[in-house]
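Novice: Encoded as structure tokens, here's the structure I'll be asking about.
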Amino acid sequence: MTVAGVAVAPRAEAPWSPWRDTGFRVFAAGNVANNIGDAVYAVALPLLVFDLNGSLQLMSLLAALGPVALVLGPVFGLAADRWGPRVLVVPGLVVQMVAALVLNAAAFWFGAPFLVLFVAGALVQLGGGMYRSGWMSGIPSMWPQDPGRARGALSSCYVATTVIGPGLAAALVDGVGYELLLWFNLLTFVAPIVVWRMGIHPAPADPNRPRSSPARELAAGWAILRRSSRVFRVMVLSLPFDFVSSTGTVTLVIFHLRDRWDMSASGVSAVLLAANVGALVGSLAVSERSSWPLRRLLAVGLVGVVACLLVLPAPFLPAVVVAFVVFFVVDSALAVATEMLVYRTIPAEAIGRSNGFWRLVHGVPQLLAPLFISVLGDLVGSSATFVVLAAIGGVSVAWLAASWRALADDAPKEAVS
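Residue numbering for the sequence shown follows this note's numbering, beginning at 317 and increasing consecutively.
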């Protein structure tokens, strides 16, 4: 363009940021409120069951309810792609609210019979899975400018709630008790419904969308994921990494700090808080950038995880603590980066099914790893187990090296639609 007869280069438009979108900020606030409630619930319920029954087995049964939504991810994704995300969001929240009301009433007034707690807890997880699958599938229609960056920002919000929620529960539990924390969780389900009533929600389903049988649509969702060469390669090479970054590793570190270093419970809690803050830093470092070099990020992250695992058995406590915090930083950064890749690559009309399969595939090693780590830790000790986990993580590094050229930004890409 010209100004006063002088040619002036047009000013480059700033990359779109979800935080400059008022609708996104309101949606994120409702989502954060719901996630804080979930985090408080995850602390309060097992502690309540322990107080009532003193049983590790019953606590473990309740913990096993978490994967319910993971296993059903492709089914929820099919429903979102077929009938629109709206079919899952509000119904999922209503299921959560009703189930939480039953659970709270049983805990508060009826002596907390475990069968009622278990069934209600399962329905809370089911409703939560419906709600999450719905809004995740709706991101491309709500923020088509850059659905990957919107997904990354919401992931960072979730990581923030893993710091806020447990901290809030720890601050309030002695004063208000487990039961009132559970009622607080129930109230947080209202926030996303208010956001919905404000008109901030996914678009309705396309009535002209071609449909086939559910089985064929599920198969098509997997086929789209499979044909997206970069996404599929990243998914496959991440499987060993998923195994070593599971909750089993976190549990092993907690055991190592208590057993090897005789660290107090409050000291371990402080280390966990620092690690969660590190996870937030790693998440923000990726989600707040409009772009990032995928291969370099994968290389730094995967090598960083392996290096941290090798440092954890070190005979120097500060090095162990730093390694654990850095482990969380790179783990979170990689998780957000790969989620953003999915949303920037998979077509909007298949994001529900493909993302459901993505979450299911990544969830399998994370479900199996805690059992493996607990058995191996008993056999060889925590220090040796860290070395074994580092070797497993090294498989992801080797896989990345073998896929290096195929993952380049300018590598030939296959059609995914």
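Positions of the beta carbon are idealized from the N, C-alpha and C atoms, including for glycine.
These figures come from a predicted structure and were not determined experimentally.
Just to check my reading of the structure: ALA587 and LEU573 have Cβ atoms closer than 8 Å, yes? What is that Cβ distance to the nearest angstrom?
Specialist: For clarity, residue 587 is Val in the given sequence; the question names Ala instead. Yes, they are in contact, since the Cβ atoms of VAL587 and LEU573 sit about 7 Å apart, within 8 Å.
Novice: Which residue from LEU364, PRO530, ILE662 puts its Cα closest to that of PHE548?
Specialist: Comparing Cα positions, the closest option is ILE662.
Novice: Which residue's Cα is closest to the Cα of LEU600: ARG402, GLY443, SER648?
Specialist: It is SER648 whose Cα lies nearest to the Cα of LEU600.
Novice: Within 10 angstroms of the Cβ of ALA724, are there 16 or more other Cβ atoms? Answer buried if so, exposed if not.
Specialist: Exposed, because fewer than 16 other Cβ atoms sit within 10 Å of the Cβ of ALA724.
Novice: ASN501 lies in the alpha helix (DSSP H); which residues open and close that run?
Specialist: That run of the alpha helix (DSSP H) goes 463 to 504.
Novice: Distance check for PHE340 and PHE505, CA to CA, integer angstroms please.
Specialist: Spanning the two alpha carbons is a distance of roughly 18 Å.
Novice: Which residue marks the beginning of the alpha helix (DSSP H) containing ASP575, and which one marks its end?
Specialist: It spans 563 to 575 - the alpha helix (DSSP H) in which ASP575 sits, taken as one unbroken run.
Novice: Can you round the beta-carbon distance between ALA422 and ALA436 to whole angstroms, since I take them to be within the 8 Å contact cut?
Specialist: Contact flag correct, Cβ pair sits at about 7 Å.
Novice: Would you mind giving the Cβ-Cβ distance between MET446 and PHE392, rounded to the nearest angstrom? I have them listed as a contact below 8 Å.
Specialist: Confirmed, Cβ separation roughly 6 Å.
Novice: To the nearest angstrom, how far is the alpha carbon of VAL432 from that of PRO460?
Specialist: About 42 Å.
Novice: Along the alpha helix (DSSP H) that carries ALA666, what are the first and last residues, could you check?
Specialist: No alpha helix (DSSP H) contains ALA666, which DSSP labels as neither H nor E.
Novice: Say yes only if the C-beta of VAL658 is nearer than 7 Å to one or more non-hydrogen atoms of the ligand ZN, and no if none qualify.
Specialist: Ligands are entirely absent from the displayed structure, and the ligand ZN is therefore not among its contents.
Novice: Return the chain-ordered list of same chain residues with a C-beta closer than 8 Å to the C-beta of PHE696, the five sequence neighbours on each side being excluded.
Specialist: This sequence places Val at residue 696; Phe is not what is there. Here the set comprises VAL704.
Novice: Examine the Cβ distances between the segment 599 to 614 and the segment 673 to 687 and report whether three or more of them are shorter than 8 Å.
Specialist: The segment 599 to 614 vs the segment 673 to 687: no contact.
Novice: Flag this pair as yes or no: are the beta carbons of SER745 and LEU404 separated by less than 8 Å?
Specialist: Outside the modelled stretch of the chain, which goes from 317 to 733, sits residue 745, for which no answer is possible.
Novice: Among the candidates SER472, GLY617, SER580, whose CA atom is the shortest distance from the CA of ALA344?
Specialist: If we check each option's Cα against that of ALA344, SER472 comes out closest.
Novice: Is the Cβ-Cβ distance between SER712 and LEU553 less than 8 Å?
Specialist: Going by C-beta atoms, SER712 is nearer than 8 Å to LEU553.
Novice: Label SER528 either buried or exposed according to how many other C-beta atoms from any shown protein chain fall within 10 Å of its C-beta, with 16 as the threshold for buried.
Specialist: Under this definition SER528 is an exposed residue.
Novice: Which residues mark the beginning and the end of the alpha helix (DSSP H) in which PHE430 is found?
Specialist: It spans 430 to 458 - the alpha helix (DSSP H) in which PHE430 sits, taken as one unbroken run.
Novice: Measuring CB to CB, does GLY598 end up less than 8 Å from SER690?
Specialist: No.
Novice: Mind pulling the alpha helix (DSSP H) runs of 4 or more residues that sit fully within the segment 601 to 650?
Specialist: Segments of the alpha helix (DSSP H) lying fully in the segment 601 to 650: 610 to 627.
Novice: Drop a sphere of 10 angstroms on the beta-carbon of VAL510, count the other beta-carbons inside from all chains shown, and report buried for 16 or more, exposed for fewer.
Specialist: So VAL510 counts as exposed.
Novice: Leaving out five residues before and five after LEU657 in sequence, what residues of the same chain have Cβ atoms less than 8 Å from its Cβ?
Specialist: The answer, listed in chain order, is GLY464, ARG546, VAL547, VAL550, LEU610.
Novice: Can you list, in chain order, the stretches of the alpha helix (DSSP H) that have 4 or more residues and sit fully within the segment 667 to 707?
Specialist: Correct list: 667 to 696.
Novice: For ALA645, which of ALA623, ALA666, PRO686 has the nearest alpha-carbon?
Specialist: Note that residue 645 is Val in the sequence shown here, rather than Ala. Comparing Cα positions, the closest option is ALA623.
Novice: Look up LEU372 in the DSSP assignment and say whether it is helix, strand or coil.
Specialist: Note that LEU372 has pLDDT 49, beneath the 50 cutoff, so the model's placement of it is unreliable and no number is given.
Novice: Using only the alpha-carbon positions, how far apart do ASN420 and PHE434 sit?
Specialist: Cα to Cα, ASN420 sits roughly 12 Å from PHE434.
Novice: Taking C-beta to C-beta, are SER453 and GLY668 nearer than 8 Å?
Specialist: Yes, the pair counts as a contact, with Cβ atoms nearer than the cut-off.
Novice: In chain order, what residues of the same chain lie with their CB nearer than 6 Å to the CB of LEU503, ignoring the 5 residues before and after it?
Specialist: Hits under 6 Å: none found.
Novice: What's the call for GLY537, buried or exposed, on a 16-neighbour Cβ count within 10 Å?
Specialist: It counts as buried.
Novice: Just mark MET579 as buried or exposed, buried being the case when its beta carbon has 16 or more other beta carbons within 10 Å.
Specialist: With 16 or more other Cβ atoms within 10 Å, it is buried.
Novice: Tell me which residue opens and which closes the alpha helix (DSSP H) that ASN420 is part of.
Specialist: Note, ASN420: alpha helix (DSSP H), 402 to 425.
Novice: Between which residues of its own chain and VAL411 is the CB-CB distance below 7 Å, once the five residues before and five after are set aside?
Specialist: These residues qualify, in order along the chain: LEU439, LEU442, GLY443, MET446.
Novice: Rounded to the nearest angstrom, what separates VAL627 and ALA396 at their Cα positions?
Specialist: Taking the straight line from one Cα to the other gives about 44 Å.
Novice: Determine the direct distance from the alpha carbon of PRO634 to that of PRO508, and round the result to whole angstroms.
Specialist: Roughly 42 Å between the two C-alpha positions.
Novice: Alpha helix (DSSP H) containing ASP397: first to last residue?
Specialist: Taken as a continuous stretch (DSSP letters only), the alpha helix (DSSP H) holding ASP397 covers 389 to 399.
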